[in-house]
Amino acid sequence: MKKYILLLFIFCAFLSCKKEKKEEIKTPVKIEKPKPIYAFGFNLDNYNVINDTIKNGESFGVILDRYHVGYPKINKIATVIKDTFDVRRIRSGKAFTILTSRDSLEKPQVFIYKHNKVNATIINFKDSVILSYKFKKKIKIIEKEITGQIFSNLSVTMDSLNLSASLTNTVADIYAWTLDFYRLQKGDKFKLIYEEKFINDTVFVGYGEVKAAVFNHKGEDLYAYKFVGDSIKNIPEFYNEKGDMLRRAFLKSPIKFQYRISSRYNLRRKIALYGRVRPHRGTDFAAKYGTPIMTTASGTVVEAARKGGNGNYVKVMHNGTYTTQYLHMKRRNVRVGDYVKQGDIIGWVGMTGNTSGPHVCYRFWKYGKQVDPFREKLPSAEPLDSLVKPAYFKFIKPLKVRLDSIKLAIKDTVSAPLNKK
Numbered sequence: 024m025k026k027y028i029l030l031l032f033i034f035c036a037f038l039s040c041k042k043e044k045k046e047e048i049k050t051p052v053k054i055e056k057p058k059p060i061y062a063f064g065f066n067l068d069n070y071n072v073i074n075d076t077i078k079n080g081e082s083f084g085v086i087l088d089r090y091h092v093g094y095p096k097i098n099k100i101a102t103v104i105k106d107t108f109d110v111r112r113i114r115s116g117k118a119f120t121i122l123t124s125r126d127s128l129e130k131p132q133v134f135i136y137k138h139n140k141v142n143a144t145i146i147n148f149k150d151s152v153i154l155s156y157k158f159k160k161k162i163k164i165i166e167k168e169i170t171g172q173i174f175s176n177l178s179v180t181m182d183s184l185n186l187s188a189s190l191t192n193t194v195a196d197i198y199a200w201t202l203d204f205y206r207l208q209k210g211d212k213f214k215l216i217y218e219e220k221f222i223n224d225t226v227f228v229g230y231g232e233v234k235a236a237v238f239n240h241k242g243e244d245l246y247a248y249k250f251v252g253d254s255i256k257n258i259p260e261f262y263n264e265k266g267d268m269l270r271r272a273f274l275k276s277p278i279k280f281q282y283r284i285s286s287r288y289n290l291r292r293k294i295a296l297y298g299r300v301r302p303h304r305g306t307d308f309a310a311k312y313g314t315p316i317m318t319t320a321s322g323t324v325v326e327a328a329r330k331g332g333n334g335n336y337v338k339v340m341h342n343g344t345y346t347t348q349y350l351h352m353k354r355r356n357v358r359v360g361d362y363v364k365q366g367d368i369i370g371w372v373g374m375t376g377n378t379s380g381p382h383v384c385y386r387f388w389k390y391g392k393q394v395d396p397f398r399e400k401l402p403s404a405e406p407l408d409s410l411v412k413p414a415y416f417k418f419i420k421p422l423k424v425r426l427d428s429i430k431l432a433i434k435d436t437v438s439a440p441l442n443k444k
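Using this note's numbering, you'd call the opening residue of the sequence shown number 24 and step up by one each time.
Here's what the structure looks like:
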């Protein structure tokens with residue numbers, strides 16, 4: 024009897040396990056649907072996506088015709104959107120996207136012209152109403168800190184820190200009035216608090232503001248803080264720790280920073296080209312052939328010509344006191360009567376006229392008399408208003424603490440001789 028009871032128990036247990044296994048098999052598996060992919064405001068799951076680049080010689084019409092859009096429709100699109108986007112302005116090398124229908128016709132419905140990684144123009148001709156509008160991707164701004172030490176020149180140092188030329192140019196612009204970049208010394212240091220911009224947290228799309236900087240030159244700290252000192256003009260400027268504006272009436276040099284001074288203002292200089300003493304009433308900035316030349320201050324172009332030993336030259340009158348001239352240009356970029364702003368490109372370094380190498384001879388007049396600008400006490404921009412200074416000092420206090428606390432990271436791999444271009 025006990026034997027039968029034991030067998031019955033084993034049989035019931037077997038049936039119970041079998042039932043549990045069946046129930047486990049029948050348990051439904053939840054499958055998550057993939058999330059739709061959106062780009063430029065469109066659900067890409069609803070379209071065929073074509074990504075391409077505009078080739079040399081291609082026009083808006085040629086591109087759409089290749090994707091079977093008829094010329095009557097192309098002309099209609101161009102006419103309707105001409106006030107918001109001129110299709111004649113598309114350029115080779117720019118990326119574009121075409122969205123087509125997902126049926127057998129694959130009919131183009133949207134054309135997206137990408138100006139850069141952030142901005143695009145969208146032309147939607149899916150329906151009877153043709154639309155053209157701007158699209159800007161969301162950007163995340165990350166604040167960063169960096170330090171560097173000069174071993175050769177600013178460009179080489181910034182490049183060693185994996186920073187692009189655009190940030191190098193910004194730093195050069197900040198200190199254009201207070202630093203002679205040719206005279207940087209090995210061991211000079213700098214620190215920056217600046218912004219980097221990203222799309223989707225990973226795609227770098229450029230730099231934002233440089234908020235604060237300090238350049239240690241010859242043992243002296245040159246601070247620079249970005250601040251809006253005039254609430255009416257609402258234009259940010261860079262000021263030092265005393266509230267004095269770094270911007271001056273004249274730049275230190277007509278060349279941004281990749282140059283050397285090959286000859287200074289000297290009334291008793293012996294010129295090899297002439298074999299005798301002949302006054303040199305200018306400062307020669309030697310630079311690579313084709314280097315941009317900037318006007319050192321705002322003013323009106325009063326001369327732009329090619330003449331004798333001057334070669335191609337430009338002369339700018341800044342006011343009733345000061346005039347500057349730029350000689351030996353490869354080519355001029357302005358005409359007589361043009362108004363130029365400080366830092367505008369007025370020509371390019373060349374070898375026209377009497378010159379033995381590529382350079383720009385920079386000449387400076389004060390009240391009609393040629394003088395040495397490096398020996399003149401030139402006018403500076405106005406400092407902050409005394410009523411604004413308390414707010415400014417409060418604003419820069421934490422920035423100075425941050426700058427001073429950044430530790431210098433030296434890269435020994437940069438060891439080129441100082442200022443060898």
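Just so it is clear, CB atoms sit at the ideal spot from N, CA and C, and this is done for glycine as well. This one's a predicted model, so the numbers in the text were calculated from it and none came from an experiment.
| said: Please tell me whether L269 and A235 are closer than 7 angstroms, where the distance is taken between their beta carbons. | reply: Along the sequence shown, one-based indexing puts residue 269 at 246. Along the sequence shown, one-based indexing puts residue 235 at 212. Not a contact, by the Cβ cut-off of 7 angstroms.
| Does the beta-carbon distance from G360 to H341 come in below 7 angstroms? | Translated into positions along the sequence shown, residue 360 becomes position 337. Translated into positions along the sequence shown, residue 341 becomes position 318. No, Cβ-Cβ distance for G360 and H341 is not below 7 angstroms.
| task | Take L87 and list the residues in its own chain whose beta-carbon comes closer than 6 angstroms to its own, dropping the five residues that flank it on each side. | result | For the purposes of this step, residue 87 is taken as residue 64 along the sequence shown, with counting starting at 1. Excluding positions up to five away in sequence, the list reads I97.
| query | In terms of residue numbering, what span does the alpha helix (DSSP H) encompassing M181 cover? | reply | Numbered from 1 along the sequence shown, position 158 holds the residue referred to as residue 181. According to the DSSP assignment, M181 belongs to the alpha helix (DSSP H) that extends over 177–183.
| query | From which residue to which residue does the beta strand (DSSP E) around G84 run? | reply | What you label residue 84 is simply residue 61 of the sequence shown in a count that begins at 1. No beta strand (DSSP E) holds G84; the alpha helix (DSSP H) holding it covers 83–89.
| Exposed unless 16 or more other CB atoms sit within 10 angstroms - verdict on Y362 | Position 339 of the sequence shown, counting from 1, holds the residue named residue 362. Classification of Y362: exposed, given that the 10 Å Cβ count is below 16.
| Short Cβ contact (7 angstroms threshold) for Y312 with P381 | The sequence position of residue 312 within the sequence shown is 289, counting from 1. The sequence position of residue 381 within the sequence shown is 358, counting from 1. Yes, Cβ-Cβ distance for Y312 and P381 is below 7 angstroms.
| task | Report, in whole angstroms, the separation of the C-beta atoms of F174 and K117, which I expect to be a contact under 8 angstroms. | result | Reading the sequence shown from its first residue, position 151 is the one you call residue 174. Reading the sequence shown from its first residue, position 94 is the one you call residue 117. Between the beta-carbon of F174 and that of K117 there is about 38 angstroms, and that puts the pair past the 8 angstroms contact cut.
| request: Report the residue ranges of all alpha helix (DSSP H) runs contained in full by the region 256–343; include only those spanning at least 4 residues, in chain order. | output: Complete alpha helix (DSSP H) runs here, min 4: none at all.
| message | Counting C-beta neighbours from all protein chains within 10 Å, is the total for V372 16 or more, i.e. buried, or is it exposed? | response | In the sequence shown, the residue the question calls residue 372 occupies position 349. In summary, V372 is buried, with 16 or more beta-carbon neighbours lying within 10 Å of its beta-carbon over all protein chains present.
| field | Which listed residue (Y90, T102, F238, A327) has its alpha carbon closest to that of G171 | value | Residue 171 sits at position 148 when you count from the first residue of the sequence shown. Checking every option, the nearest Cα to that of G171 belongs to F238.
| task | Specify the secondary structure class of R125 as computed by DSSP and reduced to three states. | result | By one-based count along the sequence shown, residue 125 stands at place 102. DSSP, reduced to helix, strand and coil, places R125 outside both helices and strands of the structure shown, so it counts as coil.
| request: Drop a sphere of 10 angstroms on the beta-carbon of D253, count the other beta-carbons inside from all chains shown, and report buried for 16 or more, exposed for fewer. | output: Position 230 of the sequence shown holds residue 253. The Cβ neighbour count for D253, taken over all protein chains shown within 10 Å, is under 16; the residue is labelled exposed.
| query | Are M352 and G370 close, meaning C-beta to C-beta below 7 angstroms? | reply | Here residue 352 refers to the residue found at position 329 when the sequence shown is read from its first residue. Here residue 370 refers to the residue found at position 347 when the sequence shown is read from its first residue. Yes.
| request: Determine the DSSP secondary structure at Y94, reduced to helix, strand or coil. | output: Position 71 of the sequence shown, counted from the first residue, corresponds to residue 94. Looking at Y94 - three-state DSSP - the assignment turns out to be helix.
| Contacts around N66, its chain only, beta-carbon distance under 7 angstroms, and the 5 residues preceding and following it disregarded | On the sequence shown, position 43 is the one that residue 66 refers to. Cβ neighbours of N66 within its own chain (closer than 7 angstroms, five residues either side excluded): P59.
| Can the beta-carbon of I135 be found closer than 7 angstroms to that of T120? | Mapped onto the sequence shown, residue 135 falls at position 112. Mapped onto the sequence shown, residue 120 falls at position 97. Yes, they are a contact pair.
| query | Any chance the region 274–282 sits against the region 302–309, with 3 or more Cβ pairs inside 8 angstroms? | reply | When Cβ pairs closer than 8 angstroms are counted between the two stretches, the region 274–282 is seen to touch the region 302–309, the count reaching three or more.
| In this structure, what does DSSP give as the bridge partners for Y248? | Working through the sequence shown from its first residue, we reach residue 248 at position 225. According to DSSP, which records beta bridges pairwise, Y248 is partnered with A235, Y262.
| query | Near E168, what residues of its chain come up, given a Cβ to Cβ distance below 6 angstroms and the 5 sequence neighbours on each side ignored? | reply | As a working note, residue 168 is residue 145 in the sequence shown. Within the same chain, E168 has close Cβ partners I216, I429.
| request: Following the continuous alpha helix (DSSP H) through I139, name the residue where it begins and the one where it ends. | output: Indexing the sequence shown from 1 puts residue 139 at position 116. For clarity, residue 139 is Asn in the given sequence; the question names Ile instead. For N139, there is no enclosing alpha helix (DSSP H), as DSSP gives it neither H nor E.
| task | State the Cα-Cα distance for the pair L426 and K214, rounded to the nearest angstrom. | result | Reading the sequence shown from its first residue, position 403 is the one you call residue 426. Reading the sequence shown from its first residue, position 191 is the one you call residue 214. Taking the straight line from one Cα to the other gives about 7 angstroms.
| query | Using CA coordinates, which residue listed in F261, P402, P131, V194 is at the minimum distance from K149? | reply | On the sequence shown, residue 149 is found 126 positions in, with the first residue counted as 1. Closest option to K149, Cα to Cα, is P131.
| task | Taking V228 and I165 to be in contact with their CB atoms under 8 angstroms, please state how far apart those CB atoms are, rounded to whole angstroms. | result | Numbered from 1 along the sequence shown, position 205 holds the residue referred to as residue 228. Numbered from 1 along the sequence shown, position 142 holds the residue referred to as residue 165. I165 and V228 do not touch by the CB rule: their CB atoms are close to 12 angstroms apart, not below 8 angstroms.
| From N139, H91, G242, residue whose alpha carbon lies closest to that of K212 | On the sequence shown, position 189 is the one that residue 212 refers to. K212 has its Cα closest to that of G242, out of N139, H91, G242.
| Going by the CB atoms, is the gap between Y230 and L184 shorter than 7 angstroms? | Along the sequence shown, read from residue 1 onward, the residue named residue 184 stands at position 161. Along the sequence shown, read from residue 1 onward, the residue named residue 230 stands at position 207. Not a contact, by the Cβ cut-off of 7 angstroms.
| Proximal residues to G366 (C-beta, below 6 angstroms), its chain only, five neighbours per side dropped | The residue given as residue 366 occupies position 343 in the sequence shown. By the criterion of a C-beta distance shorter than 6 angstroms, G366 is surrounded in its chain by M317, once the five residues flanking it on both sides are discounted.
| task | For P131, name the three-state secondary structure that DSSP assigns. | result | Locating residue 131 in the sequence shown gives position 108, counting from the first residue. Strand, per DSSP.
| query | Which of helix, strand or coil does DSSP assign to S155? | reply | Taking the sequence shown and counting its residues from 1, one reaches residue 155 at position 132. The three-state reading of DSSP puts S155 in strand, counting E and B together.
| message | Using the three-state DSSP reduction, which class does V437 fall into: helix, strand or coil? | response | One-based indexing of the sequence shown puts residue 437 at position 414. Low local confidence applies: a pLDDT of 41 at V437 is under 50, so the model's placement there is unreliable, and no value is given.
| request: Check the C-beta distance from T123 over to I73 and give it rounded, since I have them as a contact under 8 angstroms. | output: As a first step, residue 123 is located in the sequence shown; it is residue number 100 there, counting from the start. As a first step, residue 73 is located in the sequence shown; it is residue number 50 there, counting from the start. That belief holds up - the Cβ atoms of T123 and I73 are roughly 7 angstroms apart, short of 8 angstroms.
| Whose CA, out of L350, P402, K140, T319, lies closest to the CA of E326? | Along the sequence shown, read from residue 1 onward, the residue named residue 326 stands at position 303. Of the listed residues, the one whose Cα sits closest to E326 is L350.
| request: Could you check if V424 is buried or exposed, using at least 16 other CB atoms within 10 Å of its CB as the buried criterion? | output: Mapped onto the sequence shown, residue 424 falls at position 401. By the neighbour-count definition (other C-beta atoms within 10 Å, threshold 16), V424 is an exposed residue.
| What is the DSSP secondary structure of H240, reduced to helix, strand or coil? | The residue you call residue 240 lines up with position 217 of the sequence shown. Three-state result, H240: strand.
| Is it right to say G64 is buried, meaning 16 or more other beta carbons lie within 10 angstroms of its own, or is it exposed? | Translated into positions along the sequence shown, residue 64 becomes position 41. Answer is exposed; the Cβ neighbour count stays below 16.
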